[in-house]
Structure formats: structure tokens, C-alpha cells
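As given, the protein sequences belong to chains A and B, one line each in that order. The working numbering applies: residue 1 is where the first sequence begins, and numbers increase by one. The working numbering applies: residue 1 is where the second sequence begins, and numbers increase by one. Yeah, the Cβ is synthetic: ideal placement off N, Cα and C, and Gly gets one too. Nothing here was measured: the structure is a model prediction, and the numbers come from that model. Scroll down for the structure; my scribbles are underneath it.
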Amino acid sequence: MSDPIDDYLDALLLRLLDDPSRHGNDVAAIRRAVAESEDHLRETQRAAMADGAGDVAAAQLAVDRFGPVNDVAGRFRRSGTRRSDLTSGAVVRTLWLVTGIGLVAIGISGLVADAFGAFWSTSFVAGDFPGVTYTAARCAQYAQLAPGYATCEQAATAHHFGEVVQYRVAAGVLGLLVLLAYRGWVALQRRRGRSTALVPVTLVGAGGAALFGVAAAALLLNSVGQEARGMSSGSGAYLSAGLVSLLVASGFALVLVRSATRQGHP
Amino acid sequence: MATDRLRGQLDPMLLAVLANGPAHGYAVITDLHQRSGGVFDLPEGTVYPALHRLERAGMLTSSWEPGTTRRRRVYSLTARGRRSLATERKQWKAFAGGVNLVLAGAT
């Protein structure tokens, strides 16, 4: 038969370790929390056995008196939210990470826009509003930038479509470099034994969900609004960005819900 | 109900228990339970995070107890913790006095 105290400590350790905002020095705090919990549980077990309880029954009593593991783990995590977690260093690290994620999201929206252009049309992504005209000089420029098109409008759309896709993908590549640099910096800091803690994960989840959620709402409303006004030209640019923003916002919301659930605030 | 009310006052209670001298978590919890006449019976595991929080706030200091085979963390009140406890006691007396006056007048 398994030992209730061992099972409890295993569950406590797993819950304390399962927190992406904790790195480096926080491992020592987790080890200390588990060590103190074990000492207390064994002491309670010994006292119960001295009162006549059996080995396993005494261990179970100790676990019951200690409290639900989710609640205790959540309190340990919150007690570990040091002031230093909210200093400028933690904020900068978090912004660094979120900026990288945001740039990668822009890059993915470029690929989505490219797919829209391939499956529907380039004008859905980068077409001009009805009534837009270009000067002869500008048309000549577009003919050079996007040769092989029959009309000035087609050349302009092809050029603008290329800009939408290429600029966004370039931002995505920059985002990957930002994230790679972050990963390398974290590895270096860990080797030096320095903290790499972010702001509390709940705050990251809430902030990310709000930021990308607002962006998604604005972009999707813009796209739907254009379609409703019968101006589908160019609405795909907003739609692609809005869909990816919604996806990223959902990811942050999931982080928020998981964090709140672990801390006993479903 | 008493335990629910205790949650908001847990920090000064812990400081008060440790004002008697350094103690490890198990002793703090046992003392808190005994001194309250068994009225405060909160989940024992919730006390340790509170001790950690107070330590981070500079109210307590702690170290592993030397010379024992088991690893046992002993907590001590700091000067800051003593000042905080004195303030909390003063505020609690004023608060409790006000509540008593109101409740005593109620029919």
C-alpha cells in the first residue's frame, strides 16, 4: 500500500514545479517548501501513532489536517511572489518574451494572408477600395515593381500583397530571433545562478489575453465592417491578422485559466 | 467560522506566537491551536506559506536547525516583525474595543 504522505508530497512537488514563471533560484524555495511539509506531516503522523493510530491511518490523518494539495501549493506559489517578481527586471524580461511572441504572431499572419491570396485572391488581402486611382507616374512604378500585369490596378494590388506578406513574415523572422536571444540569455543567466523570473504567470496570462484580445477584436471588426459595407478588397489583411491575434489571445487565456485553477481560483 | 475569521488575522497571530521565542512550523501551529483553546483549526499546510511570506516581508528570519537528523526550519521574529506586531496589537485593541461597544449596545 502506498504511503499517503509520500503521495501527497509527490503531488505537492509536481504542482509547485508546474509553473512556467518560476526558474533558477525558485527551485530552492520549492525544495524548502517540500522539506518543511514533509517534516510537519511526519511529525503529525508520529503524534497520531503515539495516540494509538496505525501507520497508514496516522499518515492519512496528517495529510487531511495539512489541507488540500491544490490549496497549499497555490498558497506556496503566492507566497513566492516576491517583490522582486514585479521589479523592472521582471517586467523587461516579460515584455521581451511577449514582444517576441507578438512578432512571431505577425509573421504567422503573413503566412495566413499569403494563403488567403492563393485560395481566394490577392485583392481580398491587398486590393484597393473602389474609386482609388493612381497617377501615370505611379502606375509606371507599379509596372516596374510588379511586371506582367495587364492593368495598373492589378500591378498595384500585386505589389501591395507582396508588401503585406513579406513585411509580416520579416517581422516573424525578427520575432524568432528575439525569442532565440531570450532563450540564450535565460540559459546564460541560469548558468550564472541569476534569477530569470518573469512577472507572476497569472499577470502574464491576463495581460497577454487582454492585449491580443483587444487587437483581435479591433482587426476582426474592421474586416467584418469592410465586408458589410461591400468593400471586401483588402479586408483579408485585417482578417488574417485578427484570426492569429485571436489564437494568441486564446493561448494566453489558457495560461491564465490554468494558473488560476492551480492556485485554487477556478 | 472562527477559522474563516482567522485568515485575515493570521499574520499577526503568527508573529504573536513567535514573539515568545524561535520555533519551527509544527510548534507554531500547535501553539496557535492550543493558545486559541482549539478554536483556530485551520489547514496546517496553509501556515507555512504564510511563514514564508512574512519572512520575505522581513518580519521573520529562518534557518535550518543545527544538530538534528531531520531538516527542520526554525523561525524567529525580527525587529521589524516586533514593530509590526506592536502596531497590529494596538490596531486590534482599538478595533475590538469598537466592535465590543457596538455589540454590547445591540439588543
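Problem - Spatial neighbours of Leu256 (chain A) in its chain, beta-carbon cut-off 7 Å, leaving aside the 5 residues before and after - result: Thr202, Gly205, Ala206, Ala209
Problem - Per DSSP, the bridge partner or partners of Ala23 (chain B) - result: B:Tyr75
Problem - Within 8 Å, strictly: CB atoms of Ser259 (chain A) and Pro49 (chain B) - result: no
Problem - CB contact check: Pro49 (chain B) to chain A, cutoff 8 Å - result: At least one chain A Cβ lies under 8 Å of Pro49 (chain B).
Problem - Assigned exposure category for Tyr167 (chain A) - 16 Cβ within 10 Å defines buried - result: exposed
Exercise for the section: Return helix, strand or coil for Leu211 (chain A), following the three-state DSSP convention. Expected result: helix
Exercise for the section: In angstroms with no decimal places, state the Cα-to-Cα distance between Leu51 (chain B) and Ser2 (chain A). Expected result: 30 Å
Exercise for the section: Verify the CB distance criterion: does His52 (chain B) have a CB-CB separation below 8 Å to chain A? Expected result: yes
Exercise for the section: Figure out for me which residue from A:Asp39, A:Val164, A:Gly117, A:Cys152 has the closest Cα to the Cα of Arg109 (chain B). Expected result: With chain B represented from 1 up to 107, any question about residue 109 (chain B) goes unanswered, as that position is not in the structure.
Exercise for the section: Specify the secondary structure class of Trp64 (chain B) as computed by DSSP and reduced to three states. Expected result: strand
Exercise for the section: Report the three-state DSSP secondary structure of Gly107 (chain A) (helix, strand or coil). Expected result: helix
Handout entry: For Asp18 (chain A) and His33 (chain B), the rounded distance between their alpha carbons
Key = 32 Å
Handout entry: Residue environment, Ala41 (chain B), which counts as buried when at least 16 other CB atoms sit within 10 Å
Key = According to the sequence provided, residue 41 (chain B) is Asp. The question's Ala does not apply to it. So Asp41 (chain B) ends up on the exposed side.
Practice task
Under 8 Å by Cβ, that's how I've got Gly286 (chain A) and Val125 (chain A) pegged, so tell me the actual separation to the nearest angstrom.
Solution key: Residue numbering for chain A in the displayed model covers 1 to 266; residue 286 (chain A) lies beyond these limits and cannot be assessed.
Problem - Euclidean distance between Cα positions of Leu247 (chain A) and Gly45 (chain B) - result: If you take the alpha carbons of Leu247 (chain A) and Gly45 (chain B), they lie about 38 Å apart.
Problem - Rounded straight-line distance, which links the Cα of Ala62 (chain A) to that of Val47 (chain B) - result: 14 Å
Practice task
Return no unless some Cβ of chain A is closer than 8 Å to the Cβ of Arg71 (chain B).
Solution key: yes
Practice task
Under 8 Å by Cβ, that's how I've got Ser109 (chain A) and Thr157 (chain A) pegged, so tell me the actual separation to the nearest angstrom.
Solution key: Rounded, the Cβ-Cβ distance is 19 Å, inconsistent with contact.
Exercise for the section: Give the residues from the stretch 39-66 of chain A that approach chain B closer than 8 Å (Cβ to any Cβ), ordered along the chain. Expected result: Asp39, His40, Arg42, Glu43, Thr44, Arg65, Phe66
Practice task
My understanding is that Leu18 (chain B) touches Leu77 (chain B), with C-beta atoms under 8 Å, so please give their C-beta distance in whole angstroms.
Solution key: With a Cβ gap of about 5 Å, Leu18 (chain B) and Leu77 (chain B) count as contacting.
Practice task
Give me the Cα-Cα distance between Pro266 (chain A) and Glu153 (chain A), rounded to the nearest whole angstrom.
Solution key: With a pLDDT of only 34 at Pro266 (chain A), under the threshold of 50, the placement of this residue in the model should not be trusted, and no figure is reported.
Exercise for the section: With DSSP collapsed to three states, give me the class of Thr30 (chain B). Expected result: helix
Practice task
Taking only beta carbons into account, state which residues of the stretch 32-47 of chain B come closer than 7 Å to chain A, listed in chain order.
Solution key: Pro43, Glu44, Gly45, Thr46
Practice task
For Trp92 (chain B), decide whether its Cβ has a neighbour in chain A, counting only Cβ atoms nearer than 8 Å.
Solution key: no
Practice task
Pick helix, strand or coil for Ser37 (chain A), following the three-state DSSP scheme.
Solution key: helix
Problem - Extent of the continuous alpha helix (DSSP H) run through Asp48 (chain B) - result: Going by the sequence as given, residue 48 (chain B) is Tyr instead of Asp. Looking at the DSSP string, the run of the alpha helix (DSSP H) that includes Tyr48 (chain B) is 47-56.
Practice task
Just the C-alpha distance for Val165 (chain A) and Val72 (chain A), rounded to the nearest angstrom, thanks.
Solution key: 49 Å
Exercise for the section: Please confirm if Ser79 (chain A) has its CB atom under 8 Å from at least one CB of chain B. Expected result: yes
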